[in-house]
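Chemist: Quick note on this note's numbering: the sequence shown kicks off at 1295 and runs consecutively. Input: one structure, supplied below.
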Amino acid sequence: MAGYYGFFDWSGYGIPTEFVGLRNYELILTDNAFLEAMWHNGFILVMSLILQGPAAIGIALLLNRKMRGRDLIRVLIFVPYVISEVIVAIGFSLMLHPTGAVNDVLDRIGLGGLAMDWLADPDVAIWSLMLILVWKYIGFAVILMLAGLQGIPDELREAAAIDGASYWRTQWHITLPLLGPTIRIWAFLSIIGSLQVFDLVYVIWGQYVADIAGTSTMATYMVANGRISGEYGYGSAVAVVIFLISLVIALVYQRYVLRRDTEGALTEGVA
């Protein structure tokens, strides 16, 4: 239905009658606001992989070893993931406000010169968003990595230790290669999630401030220029564009990255 409405200039009421063809799509692909929002999604995608991946692997390796309070630490790391995005957004918007807790702490420890408007400064806001995203979703990545580590036989590590391999050499040559399928699945989920970021941005910055602060995403652009402005035909076209971008990236990733994992998991039926 979104694909159908995208060909009309439709306000959301009654049967769409003003057919405009591909005009909505032409406007989308030539609108600097949408192109900027798409760039923000790309930035979030790349930085999520760079920041969350190594950190999640490192934390998982640490928590996979026997240590006191390991189960409690696992729970505390996973808790942010299960908290509602709205609650997280409201909490961070209060802490990162110019008069919020972050600037207050900096001032109290003698680093008041570092205090700034973390949410409104275009040079800083996108990094504030990345900090929130990493804090919110790294727990999910850690749990996936821990699950993957459970499938690696201890005998391999023991054999490497007997051969004189150091701890880090063992992780690099044995653990990481065998953890590869888990890492690739997590990366796929992270990529798709990065293309759909909406809740945190919408609650913290709103549909208008996000453009000024440089944190707009394709999803917030769709809502602001579709539902909020009453241009449901245009908003439907934006939804189709986001879907096509996500679909192409997913197919390419599956074709060139996940193919060996899926082929290894499939077996021919026995007659």
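A virtual CB, placed ideally from N, CA and C, is assigned to each residue, including glycine.
1) Unbroken alpha helix (DSSP H) runs of length 4 or more, entirely within the segment 1479-1527: which are they?
2) Is Phe1302 helix, strand or coil by DSSP?
3) With distances taken from CA atoms, which of Phe1492, Ile1486, Gly1508 is nearest Val1546?
4) Would Tyr1496 pass as a contact of Ile1322 if the rule is Cβ separation under 9 Å?
5) Between the segment 1500-1514 and the segment 1357-1376, do at least 3 Cβ pairs fall closer than 8 Å?
6) Do you know how far the Cα of Val1436 is from the Cα of Asp1555?
7) Can you pull the DSSP bridge partners for Phe1313?
8) For the alpha helix (DSSP H) holding Tyr1461, just list the boundary residues, first then last.
9) Between Met1516 and Ile1539, is the Cβ-Cβ spacing less than 9 Å?
10) Starting from the N-terminal side, write out each stretch of the alpha helix (DSSP H) that is 4 residues or longer and does not extend beyond the segment 1342-1380.
11) Tell me, please, whether the segment 1420-1433 touches the segment 1372-1391 by the rule of three or more beta-carbon pairs shorter than 8 Å.
12) Using CA atoms only, rank isn't needed, just tell me which of Glu1320, Glu1452, Phe1301, Tyr1319 is closest to Thr1311.
13) For the pair the segment 1411-1419 and the segment 1376-1395, tell me if three or more CB-CB distances fall below 8 Å.
14) Cutting at 8 Å between CB atoms, please list the residues of its own chain near Val1564, excluding the five before and the five after it.
15) Pick from Arg1478, Leu1552, Glu1379: whose alpha carbon is nearest that of Ile1498?
16) Could you tell me if Ser1340 is buried or exposed, where buried requires 16 or more neighbouring beta carbons within 10 angstroms of its beta carbon?
17) Pick helix, strand or coil for His1334, following the three-state DSSP scheme.
18) Assess, as a yes-or-no matter, whether the segment 1435-1452 is touched by the segment 1463-1477 under the definition of 3 or more beta carbon pairs within less than 8 Å.
19) How is the alpha helix (DSSP H) around Tyr1431 delimited, first residue to last?
20) Would Ile1426 pass as a contact of Ala1383 if the rule is Cβ separation under 9 Å?
21) Between which two residues does the alpha helix (DSSP H) harbouring Leu1552 extend?
22) Do you know how far the Cα of Trp1429 is from the Cα of Ile1381?
23) Smallest Cα separation from Leu1355: which of Leu1438, Arg1549, Ala1455, Val1535?
Modeler: Reading from the atomic positions:
1) You should have 1493-1498, 1500-1507, 1512-1516.
2) In the structure shown, Phe1302 adopts extended strand secondary structure according to DSSP, grouped into three states.
3) Just measuring C-alpha positions, the residue of Phe1492, Ile1486, Gly1508 sitting nearest Val1546 is Ile1486.
4) Taking 9 Å as the cut-off, the beta carbon of Tyr1496 is found no closer than this to the beta carbon of Ile1322.
5) Contact between the segment 1500-1514 and the segment 1357-1376 is absent: fewer than three C-beta pairs spanning the two stretches fall below 8 Å.
6) Cα to Cα, the separation comes out at about 20 Å.
7) In DSSP, Phe1313 forms a bridge with Phe1302.
8) Note, Tyr1461: alpha helix (DSSP H), 1461-1464.
9) Contact: no.
10) Correct list: 1364-1376.
11) Judged by pairs of C-beta atoms under 8 Å, the segment 1420-1433 touches the segment 1372-1391, as three or more such pairs exist.
12) With distances taken between CA atoms, Thr1311 lies nearest to Phe1301 out of Glu1320, Glu1452, Phe1301, Tyr1319.
13) At 8 Å Cβ cutoff, the stretches touch.
14) Reliability fails at Val1564, whose pLDDT of 44 lies under 50, so the model's placement of it is uncertain and no value is given.
15) When each option's Cα is compared against that of Ile1498, the closest is Glu1379.
16) The sequence shown places Val at residue 1340, rather than the Ser named in the question. Counting every other CB atom within 10 Å of its CB across the protein chains shown gives Val1340 a total below 16, marking it as exposed.
17) Residue state, collapsed to three classes: helix.
18) With the cut-off at 8 Å, the segment 1463-1477 and the segment 1435-1452 touch.
19) If you look at Tyr1431, you'll find it in the alpha helix (DSSP H) that goes 1416-1444.
20) For Ile1426 and Ala1383, yes; Cβs fall inside 9 Å.
21) Segment: none, Leu1552 is in no alpha helix (DSSP H) and carries neither H nor E.
22) For Ile1381 and Trp1429, the distance between alpha carbons rounds to 13 Å.
23) Ranked by Cα distance from Leu1355, the options Leu1438, Arg1549, Ala1455, Val1535 are led by Leu1438.
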